Every structure is written in structure tokens, then in C-alpha cells.
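Note that the sequence shown covers residues 3 to 64 in my numbering.
Glycine included, every Cβ here is placed at the ideal spot set by N, Cα and C.
A quick note: this is a predicted structure, and the numbers were derived from the prediction, not measured.
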Amino acid sequence: MPKAYSEAQQKAAGAALSAKRGDTKESDLQGASKDMYDSMSEEELEKMASTDHDDLPEKADD
3 MPKAYSEAQQ KAAGAALSAK RGDTKESDLQ GASKDMYDSM SEEELEKMAS
53 TDHDDLPEKA DD
């Protein structure tokens with residue numbers, strides 16, 4: 003299962019998960035969250051979105 007490597011990735015996963023569950027519109031997604039919506043299962047998104055973010059950087063290093 004994937005885990006988030008940054009707070010930004012965790013937030014994108016949360017947005018994609020919300021759309022997968024029908025809580026928000028798919029058309030509202032942009033960038034990474036749209037890519038995640040298209041390529042990941044609800045279970046994968048849930049795992050990534052629930053990553054503890056206390057030790058995560060705001061953005062991942064390249």
C-alpha cells in the first residue's frame with residue numbers, strides 16, 4: 003500500500019478519495035489529485051490520505 007511522502011501528496015489523495023466516494027465532483031479535481039483519481043483504487047487513496055503527517059515535509063524533494 004502506498005503512503006504519502008509529503009503533506010501536499012496527502013491532501014491530493016484526500017481530494018481524490020472524496021471524489022471517488024462521490025462527495026465532490028471529479029471535475030473539481032486538478033493536477034495530482036486528478037491523476038490519483040484515475041490511477042488509484044479507493045483503498046489505496048484511503049491509505050495514502052490517512053498517513054500521519056506530523057513528520058512529513060510540506061512538499062516532497064525531487
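Check                                                                                          : Outcome
So is Ala-62 buried or exposed if we call it buried at 16+ other beta carbons inside 10 Å?     : exposed
Is the beta carbon of Ala-17 sitting closer than 8 Å to the one on Leu-31?                     : yes
Ser-8 and Glu-48 - do their beta-carbons sit closer together than 8 Å?                         : no
From the DSSP output, in three-state form, read off Asp-40 for me.                             : helix
My output table needs one value for Glu-28: the three-state DSSP class, helix, strand or coil. : helix
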